[in-house]
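Q: Letter by letter, the sequence shown follows residues -19 to -1, 1 to 106 in mature numbering (1 follows the signal peptide of the UniProt record, and there is no 0). We put the CB at the ideal spot given by N, CA and C, even for glycine. Have a look at the structure that comes next, please.
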Amino acid sequence: MKQFAIFACFALFSLAANAQTAPSDTAKLNALARQAQRYFNNNQVDSLYSLMGAMSKQQISADKLREVIAQLSGQLGKWTSLEPRGVQEGIARYKATFAMASLDFYLSRDKEGKIETFFFKPYQE
């Protein structure tokens, strides 16, 4: 599909997380995911970027993130819902439903509680 071509060209970034995830960590990941969704929908890219840790910022600049978010929201529309699908090795997987399609959304936190992993890919059951 044409809309998924952007994901191959503009994969945001992914860094491995190795820690086990406690229930309180899962709650923190869920809160961070909802905050990212809100910033995405409100086009507050600078606020989203401020949630990212140092390693993430080495992978993508604020300008590149702005460009990617604009393209994603232009192709997919509003991010309407976020459904937790599990956590593996510290990386949470969500079903991110947009106006035009659903995607898998992956998110993890670094030791400071900042975003370490943040990317979308085509949804798989």
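#1: Under 8 Å by Cβ, that's how I've got residue 68 and residue 10 pegged, so tell me the actual separation to the nearest angstrom.
#2: Rounded to the nearest angstrom, what separates residue 48 and residue 27 at their Cα positions?
#3: Looking only at its chain, what residues have a beta carbon closer than 6 Å to the beta carbon of residue 79, apart from the 5 residues adjacent to it on each side?
#4: Once the 5 residues before and after residue -10 are set aside, which same chain residues still bring their CB inside 7 Å of it?
#5: Given this structure, state the Cα-to-Cα distance separating residue 39 from residue 83, to the nearest angstrom.
#6: Under DSSP, the alpha helix (DSSP H) around residue 55 begins and ends at which residues?
#7: Residue 63 to residue 85, Cα distance in whole Å?
#8: Going by DSSP, what residue range makes up the beta strand (DSSP E) through residue 109?
#9: On the DSSP bridge assignment, give the partners of residue 101 in chain order.
#10: Does DSSP classify residue 32 as helix, strand or coil?
A: Quick answer:
#1: For the purposes of this step, residue 68 is taken as the residue at position 87 of the sequence shown. For the purposes of this step, residue 10 is taken as the residue at position 29 of the sequence shown. Indeed they touch by this definition, with Cβ atoms about 7 Å apart.
#2: Numbered from 1 along the sequence shown, position 67 holds the residue referred to as residue 48. Numbered from 1 along the sequence shown, position 46 holds the residue referred to as residue 27. About 12 Å.
#3: Taking the first residue of the sequence shown as position 1, residue 79 is located at position 98. Answer for residue 79: 57, 58, 60, listed in chain order.
#4: Here the question's residue -10 lines up with position 10 in the sequence shown. Summary for residue -10: the model assigns pLDDT 40, below 50, so the residue's position carries little reliability, and this model does not support an answer.
#5: For the purposes of this step, residue 39 is taken as the residue at position 58 of the sequence shown. For the purposes of this step, residue 83 is taken as the residue at position 102 of the sequence shown. If you take the alpha carbons of residue 39 and residue 83, they lie about 28 Å apart.
#6: Stepping through the sequence shown from its first residue, residue 55 is reached at position 74. Note, residue 55: alpha helix (DSSP H), 43 to 57.
#7: As a working note, residue 63 is residue 82 in the sequence shown. As a working note, residue 85 is residue 104 in the sequence shown. One C-alpha to the other measures close to 10 Å.
#8: Outside the shown range of the chain, which is -19 to 106, sits residue 109, and nothing can be said about it.
#9: Numbered from 1 along the sequence shown, position 120 holds the residue referred to as residue 101. The partner list for residue 101 (beta bridge, DSSP) reads 86.
#10: Here residue 32 corresponds to residue number 51 of the sequence shown, with the count starting at 1. In this structure, residue 32 counts as coil in the three-state DSSP scheme.
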